[in-house]
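Participant: This structure is in structure tokens; I'll ask about it shortly.
Residue numbers (our numbering): 205 to 453.
Structure, rendered in structure tokens:
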């Protein structure tokens, strides 16, 4: 009887130990998974908030571009991210049958959080995830109709701080200049009616998203050159450049 009692005691002890170990592992797994899910939710919420804020900045830029305002200010919570005025993206605009061929530095404003970025570029907003895939959140405005083409180039330049990692910042955008670059003459060569085809080339890390925009924007068609789209058969063409300074405080 004593032997059987000892065996039963050993079995109970082993069973208790296994049960306790399973509980510890389960609690650890749930805690780890829960923390990860909470982290993912927090990250997604921050990116959603940043997306909304960057859309507001893009809206401000469009108002400056359209001469509806001179200065606009918006607040942005970075929450571990960073905000940078970019230097590098360019837009080349060419008018066939004219001497107009110009490359504009368009720059950009980029919010980075982890491996994801949200970028304001020439009036559009682009979201790039950690895998490098880019989606268009807010479309740029380049017009191509059967009658005319209109390209509004928006150049963002740093006014003071070019980059910041503070938790909470104010972004002030201010129109510095707005000039009609084409037509260069009212009549004859280099006039609005002289060009029958317009070509636009965007050189940017977000060029694939730009390509999808052009393909869905109406009468734009892909040209033979990479990242180049054309608007042809037009009666008139216009190109305007607006320079907007960006101050981050």
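The beta-carbon is built from N, C-alpha and C at its ideal position, and this holds for glycine as well.
Which two residues bound the contiguous beta strand (DSSP E) that contains residue 325?
Facilitator: Reading the chain shown from its first residue, position 121 is the one you call residue 325. It spans 320-325 - the beta strand (DSSP E) in which residue 325 sits, taken as one unbroken run.
Participant: By alpha-carbon positions, which one of 432, 281, 358 ends up nearest to residue 265?
Facilitator: Looking up residue 265 in the chain shown gives position 61. Nearest option by C-alpha distance: 358.
Participant: Starting from the Cα of residue 329, find the closest Cα among 344, 285, 383, 320 and give me that residue.
Facilitator: As a working mapping, residue 329 is identified with position 125 in the chain shown. Minimum Cα distance to residue 329 is reached at 344.
Participant: Determine, using beta carbons only, whether residue 405 and residue 430 come nearer to each other than 9 Å.
Facilitator: The residue labelled residue 405 in the question sits at position 201 within the chain shown. The residue labelled residue 430 in the question sits at position 226 within the chain shown. Yes, they are a contact pair.
Participant: Suppose you measure from the CA of residue 269 to the CA of residue 382; what does that come to, to the nearest Å?
Facilitator: On the chain shown, residue 269 is found 65 positions in, with the first residue counted as 1. On the chain shown, residue 382 is found 178 positions in, with the first residue counted as 1. Straight-line Cα distance between these residues: approximately 7 Å.
Participant: Return the CA-CA distance between residue 313 and residue 294, expressed in angstroms with no decimal places.
Facilitator: Along the chain shown, one-based indexing puts residue 313 at 109. Along the chain shown, one-based indexing puts residue 294 at 90. Roughly 14 Å between the two C-alpha positions.
Participant: Under 9 Å between the Cβ atoms of residue 305 and residue 298?
Facilitator: Translated into the one-based positions of the chain shown, residue 305 becomes position 101. Translated into the one-based positions of the chain shown, residue 298 becomes position 94. Taking 9 Å as the Cβ cut-off, residue 305 and residue 298 qualify as a contacting pair.
Participant: I need the DSSP call for residue 264, collapsed to helix, strand or coil.
Facilitator: Counting from one through the chain shown, the residue named residue 264 turns up at place 60. Three-state result, residue 264: helix.
Participant: Please report the residue range of the beta strand (DSSP E) in which residue 308 lies.
Facilitator: Residue numbering aside, residue 308 sits at position 104 when the chain shown is read from its first letter. 305-309 is the extent of the beta strand (DSSP E) around residue 308.
Participant: Would DSSP call residue 250 helix, strand or coil?
Facilitator: On the chain shown, residue 250 is found 46 positions in, with the first residue counted as 1. It is helical.
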